[in-house]
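Chemist: Below you'll find the structure I mean.
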Amino acid sequence: MAVGGDGTVNEVINGIYGSGVTLGILPMGSGNGLAASLEIPRRLKAAVRVIAAGRVRRIDLARIKTGDRESYFAATLGMGMDPLIAGQVCSFRTAIRGPWLYFLAGLRAYFLFTSRYRQVRLEGELDGRLLRQTCLLACVANVPQYGAGARIAPAARVDDGRLDLVLLPNAGFRRSFAYSLALFTGRLDRQAGVETQRFRRLLFRELAPDFLQADGDPLKLPLPFSVEVVPAALPVFSG
Numbered sequence: 138m139a140v141g142g143d144g145t146v147n148e149v150i151n152g153i154y155g156s157g158v159t160l161g162i163l164p165m166g167s168g169n170g171l172a173a174s175l176e177i178p179r180r181l182k183a184a185v186r187v188i189a190a191g192r193v194r195r196i197d198l199a200r201i202k203t204g205d206r207e208s209y210f211a212a213t214l215g216m217g218m219d220p221l222i223a224g225q226v227c228s229f230r231t232a233i234r235g236p237w238l239y240f241l242a243g244l245r246a247y248f249l250f251t252s253r254y255r256q257v258r259l260e261g262e263l264d265g266r267l268l269r270q271t272c273l274l275a276c277v278a279n280v281p282q283y284g285a286g287a288r289i290a291p292a293a294r295v296d297d298g299r300l301d302l303v304l305l306p307n308a309g310f311r312r313s314f315a316y317s318l319a320l321f322t323g324r325l326d327r328q329a330g331v332e333t334q335r336f337r338r339l340l341f342r343e344l345a346p347d348f349l350q351a352d353g354d355p356l357k358l359p360l361p362f363s364v365e366v367v368p369a370a371l372p373v374f375s376g
């Protein structure tokens with residue numbers, strides 16, 4: 138049983154993966170992107186009823202491999218401005234909830250990131266094809282949203298055997314503000330310059346700056362590292 142947000146769920150998943158145990162989620166965090174994708178309500182009693190109903194769905198996971206170490210995430214892996222958004226969500230969440238939390242966190246993260254880094258550079262291979270990009274934000278998504286209705290990858294599905302790489306181009310404040318609004322209308326993938334690529338395996342050989350977030354928690358990995366989908370990896374109680 139995971140009681141919390143996506144970060145808590147991540148810790149539980151990395152503890153139980155491969156055991157055959159079915160995961161139950163009581164979404165008590167600030168975002169709850171995985172729970173939202175599984176139609177698990179935020180209200181505690183309603184979430185308990187989902188578990189009691191016993192409907193089980195097998196979901197994909199994403200495996201991160203670096204050297205001889207492996208870990209898993211269920212929702213998102215973010216680069217560039219994305220980890221700063223996650224950090225700002227943590228700093229704001231005691232005072233603000235819902236969509237405004239992510240909207241304001243995104244605005245603050247934009248100014249922090251662009252004042253210091255301007256862009257993230259990544260190089261590697263996506264399903265064997267050369268990948269070389271500079272962008273404002275890159276996110277590997279297994280689910281449509283971060284949570285609170287912020288849909289970073291509207292077409293992503295948690296059980297389709299694929300991951301989505303979303304790339305937001307370098308942009309000025311006005312365009313980035315439009316991206317922030319599009320997050321909450323489910324139309325980010327239709328915005329000019331936004332690119333989405335679906336894949337099974339992504340190898341990173343270069344990443345600068347090299348900080349990341351996995352399911353909302355900060356992460357740093359030695360290069361090279363890979364991210365690959367593990368289809369139907371985990372049974373979860375679902376709405």
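The number in our numbering is simply the position in the sequence shown, starting from 1, with 137 added. Cβ coordinates follow ideal geometry from the N, Cα and C atoms, glycine included. Fair warning: this is a prediction, and the values are worked out from it, not measured in the lab.
(1) Taking only the alpha-carbon atoms, compute the straight-line gap between THR145 and ALA139 and give it to the nearest angstrom.
(2) Can you list, in chain order, the residues of its chain whose CB lies under 6 Å from that of SER375, leaving out five sequence neighbours each side?
(3) Relative to the alpha-carbon of GLY265, which residue among GLY142, ARG338, ALA315 has its alpha-carbon at the smallest distance?
(4) Please name the residue in ARG335, VAL257, THR322, ALA315 whose C-alpha comes closest to that of VAL295.
(5) Would you please state the rounded distance, in angstroms, between the beta carbons of THR213 and PHE362? I believe it to be under 8 Å.
(6) Please report the straight-line C-alpha distance between PRO355 and VAL277, rounded to a whole angstrom.
(7) Which residue spans inside the segment 228–301 form an unbroken beta strand (DSSP E) run of at least 3?
(8) Under a three-way DSSP split, which group does ALA199 fall into?
(9) Please classify VAL185: does DSSP put it in a helix, a strand, or coil?
(10) Would you mind giving the Cβ-Cβ distance between ALA351 and ASN147, rounded to the nearest angstrom? I have them listed as a contact below 8 Å.
(11) Taking all protein chains shown into account, do 16 or more other C-beta atoms lie within 10 angstroms of the C-beta of PRO368, making it buried, or fewer, making it exposed?
(12) Quick one: what does DSSP say ASP347 is sitting in, helix, strand or coil?
(13) Note down the Cα distance separating ALA172 from GLY353, rounded to an integer number of angstroms.
(14) Within 10 angstroms of the Cβ of GLY330, are there 16 or more other Cβ atoms? Answer buried if so, exposed if not.
(15) Does the segment 215–235 come close enough to the segment 247–256 that 3 or more CB-CB pairs lie under 8 Å?
(16) Write down the C-beta distance between VAL226 and SER317 rounded to the nearest angstrom, noting that I regard them as a contact closer than 8 Å.
(17) Would the beta-carbon of TRP237 be found less than 6 Å away from any heavy atom of the ligand ADP?
(18) Which same chain residues end up closer than 6 Å to PRO306 when comparing Cβ atoms and leaving out the 5 residues on each side of it in sequence?
(19) Quick one: what's got a C-beta closer than 8 Å to ALA199's C-beta in the same chain, skipping five residues either side?
Modeler: Taking the coordinates as given:
(1) 6 Å
(2) LEU175, ARG192, ARG194
(3) ARG338
(4) ARG335
(5) Their Cβ separation, rounded to whole angstroms, is 16 Å, which puts THR213 and PHE362 out of contact at 8 Å.
(6) 15 Å
(7) 257–263, 266–272, 274–278, 282–284
(8) strand
(9) helix
(10) 6 Å
(11) exposed
(12) coil
(13) 14 Å
(14) exposed
(15) yes
(16) That pair is no contact at about 13 Å.
(17) You won't find the ligand ADP in this model; it holds no ligand whatsoever.
(18) CYS272, GLY330
(19) TYR209, PHE210, ALA211, LEU214, VAL277, ASN279, LEU300, VAL364, GLU365, VAL366, VAL367
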